[in-house]
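Enquirer:
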Amino acid sequence: MAAAPPDGQEKVIAAAQHIVKSLASSKNAADDMIRILSGFDNRLSLMSDLFPPPPGAAAADSISEAEEGGSQEEGEGREYEPDPDDDAAGDEELEAAVELIERWEAPGAADRVLFDSGEDAEEYLAAAACLVGAPDPRAEAALQAAMARLEEEFRHLLIRGAPPLAAEDLQASLLRRLSLTVPSFNSSAVDLDCPSFSSHAGEGDDSVGAGSRNSVSDEEISPYLISPDTVSTLRDIADVMLRAGYAPELCQVYGEVRRDTLMECLAVLGVDKMSLEEVQRVEWAILDGKMKKWIQALKIVVRGLLAEERRICSQILAADANAEEECFTEAAKGCVLQLLNFGDAIAIGKRSSEKLFRILGMYEALAEVLPELEGLFAGEARDFIKEEAEGILMRLGDAVRGTIAEFSSAIQGEVSRRALPGGEIHPLTRYVMNYVRLLADYNASLNNLLECFDSEVNGADNTNMTPLGHCVLMLITHLQLKIQEKSRLYEDEALQNIFLMNNLLYIVQKVKDSELKTLLGDNWIRKRRGQIRQYSTGYLRSSWTRVLACLRDDGLPQTMGSSSALKNALKDRFKNFNLTFEELYRAQTSWRVVDPQLREELKISISEKVLPAYRSFVGRFRGQLEGGRSSAKYIKYNPEDLENLVSDFFEGRKPNA
Numbered sequence: 001m002a003a004a005p006p007d008g009q010e011k012v013i014a015a016a017q018h019i020v021k022s023l024a025s026s027k028n029a030a031d032d033m034i035r036i037l038s039g040f041d042n043r044l045s046l047m048s049d050l051f052p053p054p055p056g057a058a059a060a061d062s063i064s065e066a067e068e069g070g071s072q073e074e075g076e077g078r079e080y081e082p083d084p085d086d087d088a089a090g091d092e093e094l095e096a097a098v099e100l101i102e103r104w105e106a107p108g109a110a111d112r113v114l115f116d117s118g119e120d121a122e123e124y125l126a127a128a129a130c131l132v133g134a135p136d137p138r139a140e141a142a143l144q145a146a147m148a149r150l151e152e153e154f155r156h157l158l159i160r161g162a163p164p165l166a167a168e169d170l171q172a173s174l175l176r177r178l179s180l181t182v183p184s185f186n187s188s189a190v191d192l193d194c195p196s197f198s199s200h201a202g203e204g205d206d207s208v209g210a211g212s213r214n215s216v217s218d219e220e221i222s223p224y225l226i227s228p229d230t231v232s233t234l235r236d237i238a239d240v241m242l243r244a245g246y247a248p249e250l251c252q253v254y255g256e257v258r259r260d261t262l263m264e265c266l267a268v269l270g271v272d273k274m275s276l277e278e279v280q281r282v283e284w285a286i287l288d289g290k291m292k293k294w295i296q297a298l299k300i301v302v303r304g305l306l307a308e309e310r311r312i313c314s315q316i317l318a319a320d321a322n323a324e325e326e327c328f329t330e331a332a333k334g335c336v337l338q339l340l341n342f343g344d345a346i347a348i349g350k351r352s353s354e355k356l357f358r359i360l361g362m363y364e365a366l367a368e369v370l371p372e373l374e375g376l377f378a379g380e381a382r383d384f385i386k387e388e389a390e391g392i393l394m395r396l397g398d399a400v401r402g403t404i405a406e407f408s409s410a411i412q413g414e415v416s417r418r419a420l421p422g423g424e425i426h427p428l429t430r431y432v433m434n435y436v437r438l439l440a441d442y443n444a445s446l447n448n449l450l451e452c453f454d455s456e457v458n459g460a461d462n463t464n465m466t467p468l469g470h471c472v473l474m475l476i477t478h479l480q481l482k483i484q485e486k487s488r489l490y491e492d493e494a495l496q497n498i499f500l501m502n503n504l505l506y507i508v509q510k511v512k513d514s515e516l517k518t519l520l521g522d523n524w525i526r527k528r529r530g531q532i533r534q535y536s537t538g539y540l541r542s543s544w545t546r547v548l549a550c551l552r553d554d555g556l557p558q559t560m561g562s563s564s565a566l567k568n569a570l571k572d573r574f575k576n577f578n579l580t581f582e583e584l585y586r587a588q589t590s591w592r593v594v595d596p597q598l599r600e601e602l603k604i605s606i607s608e609k610v611l612p613a614y615r616s617f618v619g620r621f622r623g624q625l626e627g628g629r630s631s632a633k634y635i636k637y638n639p640e641d642l643e644n645l646v647s648d649f650f651e652g653r654k655p656n657a
């Protein structure tokens, strides 16, 4: 004989027995209800007197072993006749369930929260389950009251089960979760398009665990969504409501509460709801911050919040795959559309060069999570999200191409007319080269986006270049042309060459020391270094030809003629040399060659040209002027003095007032 159940369990057992008995005519229905009741309380599955023996089992126990070998045909055609006592007991149990529901509707009890009390909640769920399918009008009314209460209890638990949100805690827990579990949601490792998502959450699933860096428990994964204990209770309520045919009401509550929670999470992550007009009006410094937060939030929402919401939704609504899909879609679509709408507003907004890299970041983030985002949804919702996201991704790509084209036009249209003092590097050169260097950080994306982007520059430099290489070459070529144009703002040809050297060397160094070198190639760098040498030669010719002309023998009187004529000619030569050199010294010590190595190379080139010529000229003609009272007036410098003075060139010194 089975042991009597402990006190406090009789009502639960009685309600369960009534359900099983009432469903005895349908074996499958009875099995289903047994599974549900066992889910409410595992004690039910352990009590031997919960389920009545099948018809005839008691009689079979009384038959002696000697009669077991008798004919089986005699019992096979026998029909089971319900016991009137069983019907009476069932009516009593149904009555007890109705009374329990009605007690909770009475004044004083109706406002209480049922699931704040433990045992009462279990009895109430069992009573509500007992009423499912009962034809009695009073039972139907009680069932409706029970469903209304369970709907509100479900709402209360959803709200209470989500912890308070704080920006720091939410981001920290989400980022921590991503670091632990993102590989589990890799689209190549996990098929997210199945009706139930719970199998992807990592509860002993080897196929998923193989992709994870660490094994984590529910408590480690989702402290920020709903606690595991609350999920279990919500599942119990959902099972009864779904069994009773209240899936629409259940989905409405779940969708409303979880949508608001996810939208609140989005706000905590810094993504506010903004219209296209608001995005257009906000100043760049603020918009830049919002775009940066959007990039981070998109990854956190898709891989953290929504993936976890999907897992929890599949646990709570495990009994009905259709309800699970509807609930998740209603909960998730709000925050997804808000994210996508902001991306769309940026994509179709006013273009400006400073937005390019944020737009590229948004493009890459959306392209990266798009397969996972699609995989979270199913059916029409998946098709809708896929179409919206792909459209925005395409428009972000258009914005990238359009912004680059506008940047190219801006380089060509730069019209400043002020010559920089000393021939230094022009701000346009610095800006463009730093901008272009950043393009190389988005190599893969830009090669896809610029695949049909033909370079406007023709020539051997284009051979075997990637689309991004063509784009970079075009932008730098536009810059070089603009720098050549600006060099003509200087009247001094020598300073023009210094300006061109400074700027072209800066361009070459930026290319050589970055990924731009891979895009443009060594041959491009060699050609530009050749141009720098040409500018150096042009500088030496335009600056020092007049100085060296003073040190040539050409035009001097022959020594066999009048010695006074030679002396006068030499005095003029030395005088002109001194004046010309000093003029260059005053001007070119204020010029600035930015690169130290180039600066020293130019000084060495000057010394190699001027000092040997000066030393030779002085050596040949010093005797003609020595002995006179003013010889020092003409031969003012010895070679060492000149060398020291040349060392002051190109240092950017301010001219004496």
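In full-length UniProt numbering, the protein residues as written are 1 to 657.
The beta carbon of each residue, even a glycine, is placed where N, CA and C say it ideally should be.
Fair warning: this is a prediction, and the values are worked out from it, not measured in the lab.
1) Considering only their Cβ atoms, is the gap separating P639 from R615 smaller than 8 angstroms?
2) With the cut-off set at 8 angstroms, would you say R586 and G652 are in Cβ contact?
3) Considering only DSSP beta bridges, list what R592 is partnered with.
4) How about L570 and F649: do their beta carbons lie closer than 8 angstroms?
5) At 4 residues or longer, and completely inside the region 238-279: list those alpha helix (DSSP H) runs for me, N to C.
6) Mind the definition here: the region 431-451 touches the region 461-477 only if three or more C-beta pairs lie below 8 angstroms; say whether that holds.
7) So with Cβ pairs under 8 angstroms, would you call E493 a contact of chain B?
8) At the level of alpha carbons, what is the spacing between A494 and C550?
9) Are the region 224-236 and the region 295-302 in contact at 8 angstroms, needing three or more beta carbon pairs?
10) Rounded to whole angstroms, what's the CA-CA distance from Q412 to A405? Just pull it up for me.
11) Report all residues from its chain with a CB closer than 7 angstroms to the CB of N322; omit the five preceding and five following residues, and keep chain order.
12) Quick check on DSSP: helix, strand or coil for F342?
13) What does a CB cutoff of less than 8 angstroms around T338 pick up in its chain, not counting 5 residues either side in sequence?
14) Can you list, in chain order, the residues of its chain with a C-beta nearer than 6 angstroms to that of E456? Leave out the 5 residues immediately preceding and following it.
15) Decide if M47 is buried, meaning its Cβ has at least 16 other Cβ atoms within 10 Å, or exposed.
16) Excluding the 5 residues flanking E219 on each side, which residues of the same chain have their C-beta closer than 7 angstroms to its C-beta?
17) Taking the beta carbon of T429 as the centre, do at least 16 other beta carbons fall within 10 Å, making it buried, or is it exposed?
18) Just tell me which of L645, K633 and N568 has its CA closest to the CA of T589.
19) Is there contact here, the region 359-376 with the region 407-422, by at least three beta-carbon pairs under 8 angstroms?
20) In whole angstroms, what is the alpha-carbon distance linking G409 and A367?
21) Can you give me the C-alpha to C-alpha distance between S647 and V610, rounded to a whole angstrom?
22) Between A97 and L131, is the Cβ-Cβ spacing less than 8 angstroms?
23) Rounded to whole angstroms, what's the CA-CA distance from residue 732 to A332? Just pull it up for me.
24) Looking at L94 and D120, is the spacing between their C-beta atoms short of 8 angstroms?
25) Do S536 and S605 have their beta-carbon atoms positioned less than 8 angstroms apart in this structure?
26) Using a 10 Å radius around the Cβ and a threshold of 16 neighbouring Cβ atoms, would you call D344 buried or exposed?
27) Return the first residue and the last residue of the alpha helix (DSSP H) that N464 is part of.
28) Determine the burial state of A347: buried for a count of at least 16 other Cβ atoms within 10 Å of its Cβ, exposed for fewer.
29) For the ligand GDP, I want to know if I635 counts as a neighbour, meaning its beta carbon is within less than 7 angstroms of at least one of the ligand's heavy atoms.
30) Here's the rule: buried if 16 or more other CB atoms are within 10 angstroms of the residue's CB, otherwise exposed. What is D441?
31) Give the straight-line distance between the Cα atoms of V268 and L114, rounded to the nearest whole angstrom.
32) My understanding is that S607 touches E583, with C-beta atoms under 8 angstroms, so please give their C-beta distance in whole angstroms.
33) Tell me the rounded alpha-carbon separation between R311 and Q480.
34) Can you name, in chain order, every residue of its own chain whose Cβ lies under 7 angstroms from the Cβ of R259, other than the five neighbours on each side?
35) Measuring alpha carbon to alpha carbon, tell me which residue in R546, M291 and T477 is nearest T580.
Expert: By the coordinates alone:
1) Looking up residue 615 in the sequence shown gives position 615. Looking up residue 639 in the sequence shown gives position 639. A contact, by the Cβ cut-off of 8 angstroms.
2) Numbered from its first residue, the sequence shown carries residue 586 at position 586. Numbered from its first residue, the sequence shown carries residue 652 at position 652. Not closer than 8 angstroms, so no.
3) The count along the sequence shown starts at 1 and reaches residue 592 at position 592. Paired residue(s): E651.
4) Translated into the one-based positions of the sequence shown, residue 570 becomes position 570. Translated into the one-based positions of the sequence shown, residue 649 becomes position 649. No, the Cβ-Cβ distance between L570 and F649 is not below 8 angstroms.
5) For the region 238-279, whole alpha helix (DSSP H) runs of length 4 or above, ordered along the chain, are 247-268.
6) Between the region 431-451 and the region 461-477, the count of Cβ pairs shorter than 8 angstroms is three or higher; the stretches touch.
7) The structure shown contains no chain B; it holds only a single protein chain.
8) Counting from 1 along the sequence shown, the entry for residue 494 is found at position 494. Counting from 1 along the sequence shown, the entry for residue 550 is found at position 550. The alpha-carbon separation between A494 and C550 amounts to approximately 19 angstroms.
9) Contact between the region 224-236 and the region 295-302 is not established, with fewer than three Cβ pairs separated by less than 8 angstroms.
10) In the sequence shown, counting from the first residue as 1, residue 412 sits at position 412. In the sequence shown, counting from the first residue as 1, residue 405 sits at position 405. Approximately 11 angstroms between the Cα atoms of the pair.
11) Taking the sequence shown and counting its residues from 1, one reaches residue 322 at position 322. Non-local C-beta neighbours of N322 in its own chain, meaning closer than 7 angstroms and more than five positions away in sequence, are absent.
12) Working through the sequence shown from its first residue, we reach residue 342 at position 342. F342 falls in the helix class under three-state DSSP.
13) Position 338 of the sequence shown, counting from 1, holds the residue named residue 338. A small correction: the amino acid at residue 338 is Gln; Thr does not occupy that position in the sequence shown. M263, L266, V271 and K273, listed in sequence order.
14) Looking up residue 456 in the sequence shown gives position 456. Confidence in E456 is poor, its pLDDT being 47 and thus under 50, which makes the residue's placement too unreliable to answer from.
15) If you number the sequence shown from 1, residue 47 lands on position 47. Confidence at M47 is low in this model, with a pLDDT of 44, below 50, so the placement of that residue should be treated as unreliable; the coordinate-derived value is given next. Result: buried.
16) Within the sequence shown, residue 219 is the residue found at index 219, counting from 1. For E219, the pLDDT reaches just 37, beneath the cut-off of 50, and the residue's location in the model is therefore unreliable, leaving the point undetermined.
17) Residue mapping note: residue 429 aligns to position 429 of the sequence shown, counting from 1. Label assigned to T429: buried.
18) Translated into positions along the sequence shown, residue 589 becomes position 589. Proximity to T589 across L645, K633 and N568 peaks at L645, based on C-alpha coordinates.
19) Touching, no, given that fewer than three Cβ pairs across the two stretches are closer than 8 angstroms.
20) In the sequence shown, the residue the question calls residue 409 occupies position 409. In the sequence shown, the residue the question calls residue 367 occupies position 367. For clarity, residue 409 is Ser in the given sequence; the question names Gly instead. Between the alpha carbons of S409 and A367 lies a distance of about 28 angstroms.
21) As a first step, residue 647 is located in the sequence shown; it is residue number 647 there, counting from the start. As a first step, residue 610 is located in the sequence shown; it is residue number 610 there, counting from the start. Distance between the alpha carbons of S647 and V610 is about 13 angstroms.
22) For the purposes of this step, residue 97 is taken as residue 97 along the sequence shown, with counting starting at 1. For the purposes of this step, residue 131 is taken as residue 131 along the sequence shown, with counting starting at 1. Cβ atoms of A97 and L131: closer than 8 angstroms.
23) No statement about residue 732 is possible, as the shown extent of the chain runs from 1 to 657 and does not include it.
24) The residue labelled residue 120 in the question sits at position 120 within the sequence shown. The residue labelled residue 94 in the question sits at position 94 within the sequence shown. The answer is no: Cβ separation not under 8 angstroms.
25) On the sequence shown, position 605 is the one that residue 605 refers to. On the sequence shown, position 536 is the one that residue 536 refers to. Result yes, Cβ atoms of S605 and S536 sit closer than 8 angstroms.
26) Stepping through the sequence shown from its first residue, residue 344 is reached at position 344. Answer is buried; the Cβ neighbour count reaches 16.
27) Start at 1 with the first residue of the sequence shown, and residue 464 comes out as number 464. Where N464 is concerned, there is no enclosing alpha helix (DSSP H), given that its DSSP letter is neither H nor E.
28) Along the sequence shown, read from residue 1 onward, the residue named residue 347 stands at position 347. Under this definition A347 is a buried residue.
29) With respect to the ligand GDP, the structure shown offers nothing to examine, as it has no ligands at all.
30) Against the sequence shown, residue 441 aligns to sequence position 441. Exposure of D441 is indicated by the presence of fewer than 16 other C-beta atoms within 10 angstroms of its C-beta.
31) Taking the sequence shown and counting its residues from 1, the one referred to as residue 268 is at position 268. Taking the sequence shown and counting its residues from 1, the one referred to as residue 114 is at position 114. In this structure, the straight-line span from the alpha carbon of V268 to that of L114 is close to 32 angstroms.
32) Along the sequence shown, one-based indexing puts residue 607 at 607. Along the sequence shown, one-based indexing puts residue 583 at 583. With a Cβ gap of about 18 angstroms, S607 and E583 do not count as contacting.
33) Here residue 311 refers to the residue found at position 311 when the sequence shown is read from its first residue. Here residue 480 refers to the residue found at position 480 when the sequence shown is read from its first residue. For R311 and Q480, the distance between alpha carbons rounds to 57 angstroms.
34) In the sequence shown, the residue the question calls residue 259 occupies position 259. Once the five neighbours on either side are set aside, the close Cβ partners of R259 are E330, A331 and G334.
35) Position 580 of the sequence shown, counted from the start, is the residue given in the question as residue 580. Closest option to T580, Cα to Cα, is R546.
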